[in-house]
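Asker:
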Amino acid sequence: MLRTTSTLRAVTATITALLTTAALTSCGTTAASGPEPTQEQTSLGKTEGSVSILAWPGYVEDGSNDPTVDWVSDFETKTGCTVTSKTYGTSDEAINLMKTGDYDVVAASGDATLRLIAGGEVTPVNTDLIPSYAGIFDFLKNQAWNSVDGKAYGVPHGYGANLLMYNTDVVTPPPTSWSVVFDDASQYAGKVTAYDSPIYIADAALYLMTHKPELGIKNPYALDDTQLAAAVDLLKAQRPNVGEYWSDYLKEIQSFTSGDSVVGTTWQVIQNSLAKEGVKTAVVLPEEGATGWSDTWMISSKAKSPNCSYAWLDWIASPEVNAKATAYFGEAPSSQEACTFRDDCEAFHAGDAEYASKIWYWTTPVAKCVDGRTDVTCTDYAKWTAAWQEIKG
Amino acid sequence: MTTAPSAGMTRRSAAYLATHPRVRLALILSAPLTWLALVYVVALALLLVTALWTVDGFTGQISPTWTLDNLRTVVTGALYRTVTLRTVGVALLVTVIDVVIALPIAFYMAKVASPRAQRLLVIAVLMPLWASYLVKAYAWRSVLSQDGLLNWLVAPVGLQGPGYGLPATVITLSYLWLPYVILPIYAGLEKVPNSLLEASADLGAPPWRTLSSVVLPLALPAIIAGTIFSFSLSLGDYITVTIVGGTSQMLGNLVYTNVGAANNLPLAAAIALVPIVIIFGYLALVRRTGALDNL
Numbered sequence: 014m015l016r017t018t019s020t021l022r023a024v025t026a027t028i029t030a031l032l033t034t035a036a037l038t039s040c041g042t043t044a045a046s047g048p049e050p051t052q053e054q055t056s057l058g059k060t061e062g063s064v065s066i067l068a069w070p071g072y073v074e075d076g077s078n079d080p081t082v083d084w085v086s087d088f089e090t091k092t093g094c095t096v097t098s099k100t101y102g103t104s105d106e107a108i109n110l111m112k113t114g115d116y117d118v119v120a121a122s123g124d125a126t127l128r129l130i131a132g133g134e135v136t137p138v139n140t141d142l143i144p145s146y147a148g149i150f151d152f153l154k155n156q157a158w159n160s161v162d163g164k165a166y167g168v169p170h171g172y173g174a175n176l177l178m179y180n181t182d183v184v185t186p187p188p189t190s191w192s193v194v195f196d197d198a199s200q201y202a203g204k205v206t207a208y209d210s211p212i213y214i215a216d217a218a219l220y221l222m223t224h225k226p227e228l229g230i231k232n233p234y235a236l237d238d239t240q241l242a243a244a245v246d247l248l249k250a251q252r253p254n255v256g257e258y259w260s261d262y263l264k265e266i267q268s269f270t271s272g273d274s275v276v277g278t279t280w281q282v283i284q285n286s287l288a289k290e291g292v293k294t295a296v297v298l299p300e301e302g303a304t305g306w307s308d309t310w311m312i313s314s315k316a317k318s319p320n321c322s323y324a325w326l327d328w329i330a331s332p333e334v335n336a337k338a339t340a341y342f343g344e345a346p347s348s349q350e351a352c353t354f355r356d357d358c359e360a361f362h363a364g365d366a367e368y369a370s371k372i373w374y375w376t377t378p379v380a381k382c383v384d385g386r387t388d389v390t391c392t393d394y395a396k397w398t399a400a401w402q403e404i405k406g
Numbered sequence: 003m004t005t006a007p008s009a010g011m012t013r014r015s016a017a018y019l020a021t022h023p024r025v026r027l028a029l030i031l032s033a034p035l036t037w038l039a040l041v042y043v044v045a046l047a048l049l050l051v052t053a054l055w056t057v058d059g060f061t062g063q064i065s066p067t068w069t070l071d072n073l074r075t076v077v078t079g080a081l082y083r084t085v086t087l088r089t090v091g092v093a094l095l096v097t098v099i100d101v102v103i104a105l106p107i108a109f110y111m112a113k114v115a116s117p118r119a120q121r122l123l124v125i126a127v128l129m130p131l132w133a134s135y136l137v138k139a140y141a142w143r144s145v146l147s148q149d150g151l152l153n154w155l156v157a158p159v160g161l162q163g164p165g166y167g168l169p170a171t172v173i174t175l176s177y178l179w180l181p182y183v184i185l186p187i188y189a190g191l192e193k194v195p196n197s198l199l200e201a202s203a204d205l206g207a208p209p210w211r212t213l214s215s216v217v218l219p220l221a222l223p224a225i226i227a228g229t230i231f232s233f234s235l236s237l238g239d240y241i242t243v244t245i246v247g248g249t250s251q252m253l254g255n256l257v258y259t260n261v262g263a264a265n266n267l268p269l270a271a272a273i274a275l276v277p278i279v280i281i282f283g284y285l286a287l288v289r290r291t292g293a294l295d296n297l
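These protein sequence lines are chains Z and E, in that order. The numbering of the first sequence is the numbering used here, which starts it at 14 and goes up by one. The numbering of the second sequence is the numbering used here, which starts it at 3 and goes up by one.
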């Protein structure tokens, strides 16, 4: 039995070690840094020779992942700024990494930008110093998620909508409203899917804007306590009909291919992949509109290479590079000219202002209501996260 | 070949160590003990301390002001109670299933199979461990899917697979942890002398009596070692449930979303204390049964 004793001890020791390793990794604390007012640059100097970039996967490709996908090498040759890049998986990870001050430039989604600005991690950008800025679609400039008090905090990169996807064999007639995943979801019980993130609460709020006008929701990212409670109730009623939530887009492709999901939120890029494989799905921008994302290139307030950073912002917004980068990721480009370098602009409705106006771009919910109300306090992202966990139960 | 002085050094220190067993022991143990203290004790303490801190909602910074709010939230929140019960239920079910499957396999391997078959079986049991955890979980995702293998198999008899959800999670976890349960039980059964089984038979005991009065009591510590594996591994798992669990979430998922999406490390730390407390409780329970004393 002696051997079993040692086995048991080894087992216990291994388990405790594993548990604590897991614990240790969750214990990192970040250095405190308060918001400091920073001034935008007024002129450009000589480039510094290097620039460090933090971005979503697929945004900064230098050919090391795929030799044919490279828009960094030419930048390095042209400007003499060597690029080092790091990718992140979630907006929250991006915020934590920006706090280290190790990065000059960041590509952030709307659910991160306001938090970066509020935390003083990024600085206003002087768009006059960025020639490519002029060509960018007007409906992407000076929006709630990329500027504060009329000051631009970055350059738009690409955008897309969270569309409604359905299996054309199973879901008939073709839906035109989000009600198919909310009030009428029970007819597809167990086969509805939804995006697994607190920001999905905005999709429910958007639905309530049309279907429960008495709640007075003007912006799905500005919800007071009553409005949030209504959205949470809607999502709780939806949950029994949901087969699974998705956050990894490959997981959704698979579940639509196998028939485990037949209706739910999606991205255009997912529909494109499914269509290529011959799966019978279609997407629609429902009559209520949709939520979506619009990413922004921002410059750190602690940037060590501001001139190289401006050079990068100009480079990535230039039509040909923007076309390459947004096509690789699967989203609409930020300028009309970029479409001359892409043949799939139509599929992404690039430049269609009418289509774009139906999209409520991801914005961080903050206590100071983003719809301009001052008589109430809005629910912030922390409350949304708690609510989301409660919805999933 | 080293030079003379250093060779002399080596010999002198070797001679010193040979005559001072305590120094020798200290040198051997200092590295692993330091590691254990750093990774185990310090990390656990940090976890406890973080759970007592709070996070600034606006800037997302952790502010080290003492508060019991996180612990209170975890203890009183209905959400955490539901998820804890669900997680413990899944872990217990996985453990029971694994023990029921592992016992006959381990017994066959240890007592019945020929030495050659025994070696082959050990390899067969170890084989799944060579494949990545993720590959196996995704394999089960495709097996359990709507048009997957399982539905295809049971369709002729008019049945339907469980689909994604808690049953799928239990099935997948039982599969994943089975080798960890079989191996300790097999090792424990191998230690049971054949002479005892023969003696029991000679004294007229039928097989089931030999099994329940001789084999099981002797193998109990090994079985408990196996259950500790499957129970604790299930308790901390959050990946399988995301892959095949449908909409369900377990304690690990709550920790994960609080670290990732919510950026609330203190609350995540407070939630992480729940499985630690449960495992300590389980070990205490195992101790009370006396199984640990028999070792």
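Virtual Cβ for every residue (Gly too), placed ideally from N, Cα, C. A quick note: this is a predicted structure, and the numbers were derived from the prediction, not measured.
Within the same chain, show all residues whose beta-carbon is closer than 6 Å to that of T390 of chain Z, passing over the 5 residues directly before and after it, in chain order.
Answerer: Position 377 of the first sequence, counted from the start, is the residue given in the question as residue 390 of chain Z. Excluding residues within five positions, the ones whose Cβ falls inside 6 Å are A380.
Asker: Determine the closest residue to W68 of chain E out of E:P268, E:V279, E:L285 and E:F282, with distance taken between C-alpha atoms.
Answerer: Here residue 68 of chain E refers to the residue found at position 66 of the second sequence. Nearest of E:P268, E:V279, E:L285 and E:F282 to W68 of chain E, Cα basis: E:P268.
Asker: Using a cut-off of 8 Å between C-beta atoms, extract the partners of T100 of chain Z located in chain E.
Answerer: Mapped onto the first sequence, residue 100 of chain Z falls at position 87. Simply none; closest approach about 15 Å.
Asker: So the beta strand (DSSP E) D197 of chain Z belongs to, where does it begin and stop?
Answerer: Locating residue 197 of chain Z in the first sequence gives position 184, where the first residue counts as 1. Looking at the DSSP string, D197 of chain Z is not in any beta strand (DSSP E), and its letter there is neither H nor E.
Asker: With 8 Å set as the bound, which would you pick, yes or no: does the beta-carbon of S271 of chain Z sit closer than that to a beta-carbon of chain E?
Answerer: Working through the first sequence from its first residue, we reach residue 271 of chain Z at position 258. For S271 of chain Z, the answer is yes, since a Cβ of chain E falls inside 8 Å of its Cβ.
Asker: Can you give me the start and stop residues for the alpha helix (DSSP H) that V193 of chain Z sits inside?
Answerer: Position 180 of the first sequence holds residue 193 of chain Z. Premise fails: V193 of chain Z is in no alpha helix (DSSP H) and is neither H nor E.
Asker: Using a Cβ-Cβ cut-off of 6 Å (strictly less than) and excluding sequence neighbours within five positions of L235 of chain E, which residues of its own chain qualify?
Answerer: Here residue 235 of chain E corresponds to residue number 233 of the second sequence, with the count starting at 1. Excluding positions up to five away in sequence, the list reads W179.
Asker: What residues of chain Z sit near Y166 of chain E, judged by a beta carbon separation below 8 Å?
Answerer: Position 164 of the second sequence, counting from 1, holds the residue named residue 166 of chain E. Neighbours of Y166 of chain E on chain Z, chain order: G256, E257 and D273.
Asker: What residue range is occupied by the uninterrupted beta strand (DSSP E) comprising L298 of chain Z?
Answerer: Translated into the one-based positions of the first sequence, residue 298 of chain Z becomes position 285. Taken as a continuous stretch (DSSP letters only), L298 of chain Z belongs to no beta strand (DSSP E), as it is neither H nor E.
Asker: Taking only runs of the beta strand (DSSP E) that begin and end inside the stretch 253 to 291 of chain Z, which ones reach a length of at least 3 residues, in chain order?
Answerer: Segments of the beta strand (DSSP E) lying fully in the stretch 253 to 291 of chain Z: 255 to 259 and 276 to 279.
Asker: Under a CB-based cut-off of 8 Å, is N265 of chain E close to chain Z?
Answerer: Position 263 of the second sequence holds residue 265 of chain E. So, interface residue.
Asker: Have a look at A45 of chain Z and V282 of chain Z and give me their C-alpha separation to the nearest angstrom.
Answerer: Counting from 1 along the first sequence, the entry for residue 45 of chain Z is found at position 32. Counting from 1 along the first sequence, the entry for residue 282 of chain Z is found at position 269. Below a pLDDT of 50, predicted positions are generally treated as unreliable, and A45 of chain Z, at 36, falls in that range; the measurement from the model is reported next regardless. Cα-Cα distance, rounded: 39 Å.
Asker: Output the boundary residues of the alpha helix (DSSP H) element that contains W373 of chain Z.
Answerer: The residue you call residue 373 of chain Z lines up with position 360 of the first sequence. Here W373 of chain Z belongs to no alpha helix (DSSP H); instead the beta strand (DSSP E) covers I372 to Y374.
Asker: Taking 8 Å as the cut-off, decide whether the C-beta atoms of L199 of chain E and A93 of chain E are in contact.
Answerer: For the purposes of this step, residue 199 of chain E is taken as residue 197 along the second sequence, with counting starting at 1. For the purposes of this step, residue 93 of chain E is taken as residue 91 along the second sequence, with counting starting at 1. No.
Asker: With a cut-off of 8 Å, do at least 3 Cβ pairs link the stretch 218 to 233 of chain E to the stretch 276 to 292 of chain E?
Answerer: Counting Cβ pairs under 8 Å, three or more are found: they touch.
Asker: Does the Cβ-Cβ distance between Q148 of chain E and D273 of chain Z come in under 8 Å?
Answerer: Locating residue 148 of chain E in the second sequence gives position 146, where the first residue counts as 1. Locating residue 273 of chain Z in the first sequence gives position 260, where the first residue counts as 1. Taking 8 Å as the Cβ cut-off, Q148 of chain E and D273 of chain Z qualify as a contacting pair.
Asker: In chain order, what residues of the stretch 376 to 406 of chain Z put their CB closer than 7 Å to some CB of chain E?
Answerer: Going along the stretch 376 to 406 of chain Z in chain order, one finds D393, A395, T398, Q402, E403, K405 and G406 with a Cβ nearer than 7 Å to chain E.
Asker: If you run the structure through DSSP and keep just helix, strand and coil, what is L177 of chain Z?
Answerer: On the first sequence, residue 177 of chain Z is found 164 positions in, with the first residue counted as 1. Correct three-state label for L177 of chain Z: strand.
Asker: Going by CA-CA distance only, name the one from Z:G167, Z:R252, Z:G302 and Z:Y234 that's closest to G300 of chain E.
Answerer: Any question about residue 300 of chain E goes unanswered here, given that chain E covers just 3 to 297.
Asker: Run the CB neighbour count on N72 of chain E, radius 10 Å, all protein chains shown included, and call it buried at 16 or more, exposed below.
Answerer: Here residue 72 of chain E refers to the residue found at position 70 of the second sequence. Per the 10 Å Cβ criterion, buried.
Asker: Can you find at least 3 beta carbon pairs, one from the stretch 114 to 132 of chain Z and one from the stretch 262 to 273 of chain Z, that sit closer than 8 Å?
Answerer: With the cut-off at 8 Å, the stretch 114 to 132 of chain Z and the stretch 262 to 273 of chain Z do not touch.
Asker: Does any CB atom of chain E fall closer than 8 Å to the CB of V203 of chain Z?
Answerer: As a first step, residue 203 of chain Z must be located in the first sequence, where it is residue number 190. Sequence check: residue 203 of chain Z is Gly here, not Val. So yes, G203 of chain Z belongs to the interface.
Asker: Entirely within the stretch 313 to 355 of chain Z and at least 4 residues each: give me those alpha helix (DSSP H) ranges in chain order.
Answerer: You should have 319 to 330 and 332 to 342.
Asker: With DSSP as the reference, please indicate the residues paired to L67 of chain Z in a beta bridge.
Answerer: Numbered from 1 along the first sequence, position 54 holds the residue referred to as residue 67 of chain Z. Answer is Z:K99 and Z:V119, bridged to L67 of chain Z.
Asker: Checking 8 Å against the spacing of the C-beta atoms, do I312 of chain Z and V138 of chain Z come in under that value?
Answerer: The residue given as residue 312 of chain Z occupies position 299 in the first sequence. The residue given as residue 138 of chain Z occupies position 125 in the first sequence. Yes, Cβ-Cβ distance for I312 of chain Z and V138 of chain Z is below 8 Å.
Asker: Which of helix, strand or coil does DSSP assign to A165 of chain Z?
Answerer: Here residue 165 of chain Z is taken as the residue at index 152 of the first sequence, counted from 1. Three-state result, A165 of chain Z: strand.
Asker: Let me check understanding here. Comparing Cα to Cα, which of E:E192, E:I241 and E:G206 lies closest to V217 of chain E?
Answerer: Position 215 of the second sequence, counted from the first residue, corresponds to residue 217 of chain E. Here the closest residue by C-alpha is E:E192.
Asker: Against G248 of chain E, what residues of chain Z qualify as contacts under a CB-to-CB distance less than 7 Å, listed in chain order?
Answerer: By one-based count along the second sequence, residue 248 of chain E stands at place 246. Neighbours of G248 of chain E on chain Z, chain order: G256 and E257.
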